[in-house]
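In this note's numbering, the protein residues as written are 2 to 118.
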């Protein structure tokens with residue numbers, strides 16, 4: 002279950018990151034409160050809080066250093082996937098290689114952490 006919490010936390014962190022892209026802080030600073038202005042900020046706050054909740058749940062079952070490393074790696078993978086799939090950002094073979102290394106590291110940390118090594 003802890004690994005699901007880590008994946009959900011990483012997904013929320015990805016939403017949090019992309020919500021910053023759409024937040025219009027100049028409009029907020031000038032007190033323009035419309036849904037297109039407030040929506041991304043509310044999404045940012047909610048996804049940030051849910052991220053912290055799931056990360057805290059994972060910390061109860063997985064060592065903090067392992068959980069934090071996996072959460073960071075998953076977040077990077079999810080952000081790159083969203084960039085490529087949703088925003089049609091370019092990617093290179095080098096990026097794919099290093100994302101693969103992150104995936105191997107995540108599996109390795111789970112394997113070592115579960116006492117199978």
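Where is the CB? At the ideal position from N, CA and C, for every residue including glycine. Values in this document were obtained by computation on a predicted structure and should not be read as measured data.
Measure the C-alpha to C-alpha separation of residue i and residue j and round it to an integer number of angstroms.
i: residue 40; j: residue 55; result: 22 Å
i: residue 36; j: residue 51; result: 21 Å
i: residue 43; j: residue 15; result: 15 Å
i: residue 63; j: residue 93; result: 33 Å
i: residue 38; j: residue 24; result: 7 Å
i: residue 8; j: residue 2; result: 10 Å
i: residue 13; j: residue 95; result: 26 Å
i: residue 91; j: residue 104; result: 20 Å
i: residue 97; j: residue 84; result: 13 Å
i: residue 61; j: residue 67; result: 12 Å
i: residue 49; j: residue 4; result: 19 Å
i: residue 112; j: residue 34; result: 49 Å
i: residue 22; j: residue 73; result: 19 Å
Taking residue i and residue j to be in contact with their CB atoms under 8 Å, please state how far apart those CB atoms are, rounded to whole angstroms.
i: residue 71; j: residue 107; result: 5 Å
i: residue 76; j: residue 28; result: That belief does not hold up - the Cβ atoms of residue 76 and residue 28 are roughly 28 Å apart, past 8 Å.
i: residue 59; j: residue 19; result: 22 Å between Cβ atoms; not a contact.
i: residue 17; j: residue 57; result: Residue 17 to residue 57, Cβ: 15 Å. No contact.
In this structure, how does DSSP classify residue i when only helix, strand and coil are distinguished?
i: residue 6; result: helix
i: residue 118; result: Low per-residue confidence applies at residue 118: pLDDT is 40, beneath 50, and the placement is therefore not dependable, though the value from the model is reported in the following sentence. It is coil, neither helix nor strand.
i: residue 89; result: coil
i: residue 64; result: coil
i: residue 101; result: helix
i: residue 31; result: coil
i: residue 25; result: coil
Check whether the Cβ of residue i lies closer than 8 Å to any Cβ atom in chain D.
i: residue 47; result: The structure shown contains no chain D; it holds only a single protein chain.
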